[in-house]
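Take the position in the sequence shown, starting the count at 1, then add 17; the result is the number in this note's numbering. Note that CB positions come from ideal geometry on N, CA and C, so glycine has one too. What follows is a short report on a single structure.
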Amino acid sequence: MFYQVVYGLVAIPPPSYLERSMRMTRHMHPLSFRQIHSSANYFKYSFFPYTVVLWNSLPALIVHQSDLEGLP
18 MFYQVVYGLV AIPPPSYLER SMRMTRHMHP LSFRQIHSSA NYFKYSFFPY TVVLWNSLPA
78 LIVHQSDLEG LP
């Protein structure tokens, strides 16, 4: 679902607090997002904040994959 939001494949706009990462490291891909910090567990473990952590840990090959059917 997050992939579809990032690429605009669904009619769900990304929330305003979802921002692309401004600095790059060798362990990040170009579509990384700033990690969303919160002291409230109900927000920290909601869809977007939690998924950003998972998304940022994906290899660039998967993030830039145009056809998700070809993934193992």
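For the alpha helix (DSSP H) holding residue 66, just list the boundary residues, first then last.
Note, residue 66: alpha helix (DSSP H), 64-73.
Quick one: Cα of residue 26 to Cα of residue 19, how far?
Taking the straight line joining both Cα atoms gives about 10 Å.
Are three or more beta carbon pairs between the stretch 55-63 and the stretch 27-41 nearer than 8 Å?
no
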